[in-house]
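Per my numbering, the very first residue in the sequence shown carries number 61; after that it's consecutive.
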Amino acid sequence: MTPDELATLCLGLPQAIETYPFGEKTTVFKTSGNGKIFALGVLDAVPLTLSVKVDPEEGRALREEHPSHITPGYHLNKKHWVTLLLDGTLDDSLVEQLVRDSHALVRPTVPRAPRG
């Protein structure tokens, strides 16, 4: 997955915005509704890495299954975040699912329409 494909994926999610609170190199994707981060990384780094939020049990299983390409979140809460090494080894479909799942963990809930 290329940096452009990754950015397109992240920004295609509901209420997703791109910000740079940690400086111009670190791209942070968060939801505009509540400002919670769902993905971050240095998109021009080689190799490309991306950190995403995960369910703690899923994160543990992913780290065990892909120990050299999914590691505890770099500079993040190691229980709730993983860092993905995107050198072409991980399937794009897995990366896409992890980004979508991360977004789902932090996205604001939409209030239900009143019944009437």
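Backbone N, C-alpha and C define an ideal beta-carbon position, used for all residues, glycine too.
Quick caveat, the model's predicted, so the values are computed rather than measured.
Residues that residue i bridges to, as DSSP identifies them
i: Thr68; result: Per DSSP, none; premise fails for Thr68.
Option nearest residue i by Cα separation, candidates the options
i: Ala76; options: Thr68, Glu118, Ser128; result: Thr68
i: Pro116; options: Lys139, Leu144, Leu154; result: Lys139
i: Lys113; options: Ala105, Gly148, Leu122; result: Leu122
i: Glu125; options: Leu150, Thr109, Leu103; result: Leu150
i: Leu56; options: Leu154, Glu156, Leu144; result: Nothing in the structure corresponds to residue 56, since the chain is present only between 61 and 176.
Outcome for residue i when other beta-carbon atoms lying within 10 angstroms are tallied against a minimum of 16
i: His163; result: buried
i: Ala99; result: buried
i: His135; result: exposed
i: Gly101; result: buried
i: Lys90; result: buried
i: Ser111; result: buried
i: Val142; result: buried
i: Gly95; result: exposed
i: Thr169; result: exposed
Residue interval of the beta strand (DSSP E) (run including residue i)
i: Val142; result: 141 to 146
i: Ser111; result: 108 to 113
i: Thr149; result: Note, Thr149: premise wrong, no beta strand (DSSP E); not H, not E.
i: Thr131; result: 130 to 132
Near the ligand FAD: residue i beta-carbon under 7 Å from a heavy atom
i: Pro132; result: Within the structure as shown, the ligand FAD is missing, as the structure has no ligands at all.
Element boundaries [alpha helix (DSSP H), containing residue i]
i: Pro116; result: 116 to 125
i: Val159; result: 152 to 166
Alpha helix (DSSP H) runs contained entirely in the segment 73 to 103, provided each spans 4 or more residues | none
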